[in-house]
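Asks: The structure's right below; bear with me while I get my questions together.
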Amino acid sequence: MVADIKREIQKAYGIEHPDEGVALRGSFLIDANGVVRHQVVNDLPLGRNIDENAAYG
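Residues in the sequence shown are numbered from 1 upward in steps of one, following the working numbering.
Below you can see the structure in the form of structure tokens.
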């Protein structure tokens, strides 16, 4: 979990909402080499299922 006060991460991962300027809700599994192995990005009204994502780890 990270805080993205400057919105740099949401821009780098392409999850910034085009109209709202906020991050869409997403979960990313990143390996030790910095490679994204799995990602799920949801629209603003949807949340995240952390338990389901933990099953991938």
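Positions of the beta carbon are idealized from the N, C-alpha and C atoms, including for glycine.
Note that the structure is predicted; figures quoted are calculated from it, not measured.
Going by DSSP, name the residue or residues bridged to Q39.
Replies: Its beta-bridge partners are F28.
Asks: Taking only three categories from DSSP, how would you classify E8?
Replies: If DSSP states are grouped into helix, strand and coil, E8 belongs with the helices.
Asks: What residues in its chain sit with their C-beta under 7 Å from that of D31, if we drop five residues either side in the sequence?
Replies: Closer than 7 Å at Cβ, skipping near neighbours: R37.
Asks: At the level of alpha carbons, what is the spacing between V35 and D43?
Replies: For V35 and D43, the distance between alpha carbons rounds to 23 Å.
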